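K.L.:
One structure, pasted below without further comment.
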Amino acid sequence: MTAPLPTHTTAWCDVLFVGAGPKALAAVAELDTRLAELGPRPRPLRVTLCDPARPGPGAVWDPEQPAHLRMNVDARIVDLSCPAVPESYRAWEQRLFPETAGETFPPRTQVGRYLSWAFERLAASPRLELRHGAGRVSEVTRDGDYWLVTARTPAGPASWRAPVVVLCTGHADSGGVDHRRVASGEGTDPSAPLTVTGAALTAIDVVLDVTEGRGGAWRRTPGNALEYVASGAEPRLITLTSRSGEMMLPKPATDQRHVLDAVQGVTAALPTGGEPDDAWWMTLAEGASAAARTAGVDLDAPALLDHLDHGTPGGPAAEQWVHGLARAHGMLDGDPAWWWGRAWSAGYRDVVRSLERGARTPELWDLWRRRAARLEKWAFGPPPATAAKLLALHQAGLLQVRSDAGSPGLAGSESPVTTVRAVTAGPGVLTGPAETLGPVSAHDDLWASLLSRGDVTVRRGERGVLTRPDGVCVTRSGHPSSGLAALGRPTEDPVIGHDTLNRTLHQDSERWSRAVAEWVLGARTPIATLPFPDHERNSR
Numbered sequence: 001m002t003a004p005l006p007t008h009t010t011a012w013c014d015v016l017f018v019g020a021g022p023k024a025l026a027a028v029a030e031l032d033t034r035l036a037e038l039g040p041r042p043r044p045l046r047v048t049l050c051d052p053a054r055p056g057p058g059a060v061w062d063p064e065q066p067a068h069l070r071m072n073v074d075a076r077i078v079d080l081s082c083p084a085v086p087e088s089y090r091a092w093e094q095r096l097f098p099e100t101a102g103e104t105f106p107p108r109t110q111v112g113r114y115l116s117w118a119f120e121r122l123a124a125s126p127r128l129e130l131r132h133g134a135g136r137v138s139e140v141t142r143d144g145d146y147w148l149v150t151a152r153t154p155a156g157p158a159s160w161r162a163p164v165v166v167l168c169t170g171h172a173d174s175g176g177v178d179h180r181r182v183a184s185g186e187g188t189d190p191s192a193p194l195t196v197t198g199a200a201l202t203a204i205d206v207v208l209d210v211t212e213g214r215g216g217a218w219r220r221t222p223g224n225a226l227e228y229v230a231s232g233a234e235p236r237l238i239t240l241t242s243r244s245g246e247m248m249l250p251k252p253a254t255d256q257r258h259v260l261d262a263v264q265g266v267t268a269a270l271p272t273g274g275e276p277d278d279a280w281w282m283t284l285a286e287g288a289s290a291a292a293r294t295a296g297v298d299l300d301a302p303a304l305l306d307h308l309d310h311g312t313p314g315g316p317a318a319e320q321w322v323h324g325l326a327r328a329h330g331m332l333d334g335d336p337a338w339w340w341g342r343a344w345s346a347g348y349r350d351v352v353r354s355l356e357r358g359a360r361t362p363e364l365w366d367l368w369r370r371r372a373a374r375l376e377k378w379a380f381g382p383p384p385a386t387a388a389k390l391l392a393l394h395q396a397g398l399l400q401v402r403s404d405a406g407s408p409g410l411a412g413s414e415s416p417v418t419t420v421r422a423v424t425a426g427p428g429v430l431t432g433p434a435e436t437l438g439p440v441s442a443h444d445d446l447w448a449s450l451l452s453r454g455d456v457t458v459r460r461g462e463r464g465v466l467t468r469p470d471g472v473c474v475t476r477s478g479h480p481s482s483g484l485a486a487l488g489r490p491t492e493d494p495v496i497g498h499d500t501l502n503r504t505l506h507q508d509s510e511r512w513s514r515a516v517a518e519w520v521l522g523a524r525t526p527i528a529t530l531p532f533p534d535h536e537r538n539s540r
């Protein structure tokens, strides 16, 4: 059910989500499941999602974004099925688009349409009364037994009172680069040399914005190599900048089930609630060694750890893409980075489980950050088809890569250069790890105010807020912040790995929904000080 959104008086709702992207949608789907298990209720639960972007896809998965932007993960993980949403992404795609169904890395715009459809299905649930507030929340403050939420909307200020508020604020930069504007060349000379700050996935998207997104095409040569066909609207030269000069490795194009089994047979031993100490890392290195043995490659775990700390010598980007693509298509060798990437990817669920809300010794966590950043490059790079496009652009003389310490590029200092910053803001709520020696700024005023009042807290060395297993925020004094929960990217570090559409990687949303269901029944009050019947009387 849907209902109009009041904007001039304070409205009541049972649950208010700050954010309406995939993480919030997944929590609503879990809630629909729990409410269905309870059976018929006197009235649907009133749920408001406040976000300036479209509910469901949010800013990142906008269905109107350019079609050349594709997923960087297997679309099999996208699944919001629940009593109100009868299909996973794959089933929905097969029903509506059978001619293109089954692509491992489909266009993001298509996934955005699925998320929009899932929101519409949830809005039709007899168990929920969904409202979308098209505004940005600026303040969340305690108001007696409730939370007062204030937002800026196109129609003016809006406010709500709710006993339960869920902070699903997602990306701090609301999706970062405006890909439609970059692709259009609006406000720039489209042919001017382009420098892209960064060389990770967002930077790769920008490269495709100004080539394929401007009418460029791809074709196969007689030797089956990929070749770029210029449109004439692309920059004369595109320069990716990388601090290390080390490119992201492409994902495997071959069946990885045997690698998954080998790695997970080792990483299952990672202790729950543990710390990333020497023994923890040795277990992961043994997982990388087990992955290599599936291809008949013998790699010593201590040597793998040494490579993890020193990295792979940079070398020309084109050579890195050539070798990475060969490995992605099954021409395997003893490259330690490749096998580390397979272990990190295959064992990631165990990594997340092992470190969830565990202790964070500063020295160990600093080492974790450095190593994890390198492993992300080796495990979660672009699809092979995307890496092949980068190689084709380089061979066409349109793309180069330089490190920060390298030469200024081939465009010449006399040429005006357009620059696009393609570095995504980090997860969590702080711009850097919390320290005891000085303050670290929050990503926005909402989180700054919650932190200053002590309604939420960030542990030393971390960027995200600390929550209980059911998502409830922990106050500065160490007590549950009654009725206030956070899910997803705002909690990164206490709980890792939130930059994903995989609904099953973390259990916080499921545990949160069970707590709400028990609150609805009045069995206990883990997330609100008032049992549901009292709130029902007050909200009429």
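Numbering (the UniProt record's numbering), first residue to last: 1 to 540.
Glycine included, every Cβ here is placed at the ideal spot set by N, Cα and C.
Note that the coordinates shown come from a computational prediction; the quantities given were computed from them, not determined experimentally.
1. Helix, strand or coil for L201, going by three-state DSSP, please let me know.
2. Under three-state DSSP, which class holds H535?
3. Where does Q256 sit, in a helix, a strand or coil, going by DSSP?
4. Starting from the Cα of T150, find the closest Cα among L69, V140, A84 and give me that residue.
5. Name the residue from L260, A303, A292 whose alpha carbon lies nearest to the alpha carbon of W281.
6. Can the beta-carbon of V78 be found less than 8 Å from the beta-carbon of L501?
7. Would you kindly check if the distance between the Cβ of A343 and the Cβ of V458 is under 8 Å?
8. Classify V85 as helix, strand or coil using the three-state DSSP reduction.
9. Nearest CA to the CA of V474: which residue from D145, L450, N224, H394?
10. Is L450 helix, strand or coil by DSSP?
11. Which partner residues of W12 appear in the DSSP bridge assignment?
12. Ignoring anything shorter than 3 residues or poking outside the region 180-228, list the beta strand (DSSP E) runs there in chain order.
13. State the Cα-Cα distance for the pair P271 and A26, rounded to the nearest angstrom.
14. Please name the residue in Q65, G223, S125 whose C-alpha comes closest to that of R181.
15. Tell me H171's beta-bridge partners as DSSP assigns them.
16. Does the distance from the C-beta atom of G274 to that of G358 stay below 8 Å?
17. Could you give the uninterrupted runs of the alpha helix (DSSP H) lying entirely in the region 8-85, keeping only those of 4 residues or more?
18. May I have the straight-line CA-CA distance separating L45 from V15, to the nearest angstrom?
19. Take L399 and list the residues in its own chain whose beta-carbon comes closer than 6 Å to its own, dropping the five residues that flank it on each side.
20. Let me know if T431 comes out buried or exposed under the rule of 16 or more other beta-carbons within 10 Å of its beta-carbon.
21. For A346, which option in A118, S289, G58 has the closest C-alpha, if you only look at C-alpha atoms?
22. Is DSSP giving E435 helix, strand or coil here?
23. Report the start-end ranges of each alpha helix (DSSP H) in the region 291-357 that is 4 residues or longer and not cut off at the edges.
24. Quick check: what's the CA-CA separation for L80 versus T283?
25. Determine which residues share a DSSP beta bridge with Q400 and list them.
26. What did DSSP end up calling E139 once you bin it into helix, strand or coil?
27. Using the beta-carbon count (16 or more within 10 Å), is R95 buried or exposed?
28. Measure the C-alpha to C-alpha separation of P83 and A326 and round it to an integer number of angstroms.
29. So what does DSSP say about L521, is it helix, strand or coil?
30. Look at S481 and V516 and say whether their C-beta atoms are less than 8 Å apart.
31. Indicate the three-state DSSP secondary structure (helix, strand or coil) for T529 in the structure shown.
32. Cα-Cα, which of G287, V322, L355 is closest to P336?
33. Taking only the alpha-carbon atoms, compute the straight-line gap between T153 and R421 and give it to the nearest angstrom.
34. Less than 8 Å separating the beta-carbons of G483 and W12?
35. Give the DSSP-derived three-state secondary structure of L115 in the structure shown.
36. Between which residues of its own chain and T361 is the CB-CB distance below 7 Å, once the five residues before and five after are set aside?
P.N.:
On the basis of the coordinates in this document:
1. helix
2. Any answer about H535 is weak, because its pLDDT of 31 lies below 50 and its placement is not dependable; what the coordinates show is given next. Looking at H535 - three-state DSSP - the assignment turns out to be helix.
3. Residue state for Q256 is assigned as coil, using DSSP reduced to three classes.
4. V140
5. A303
6. yes
7. Cβ atoms of V458 and A343: not closer than 8 Å.
8. Judged by DSSP in its simplified three-state form, V85 adopts coil rather than helix or strand.
9. L450
10. helix
11. R161
12. 194-197, 217-220
13. 28 Å
14. The closest CA to that of R181, considering only Q65, G223, S125, is found on Q65.
15. Partner(s): none; H171 has no beta bridge.
16. yes
17. 22-38
18. Computed Cα separation, rounded: 8 Å.
19. These residues qualify, in order along the chain: I238, L393.
20. Classification for T431: exposed.
21. For A346, the closest alpha carbon among the candidates A118, S289, G58 is that of S289.
22. coil
23. 301-310, 317-328, 336-346, 348-355
24. 33 Å
25. T239
26. strand
27. exposed
28. Taking the straight line joining both Cα atoms gives about 44 Å.
29. Assigned with DSSP and collapsed to three states, L521 falls in helix.
30. no
31. Low per-residue confidence applies at T529: pLDDT is 40, beneath 50, and the placement is therefore not dependable enough to give any value.
32. G287
33. Going from the Cα of T153 to the Cα of R421 covers about 28 Å.
34. Cβ atoms of G483 and W12: not closer than 8 Å.
35. Reduced to three states, the DSSP call for L115 is helix.
36. E275
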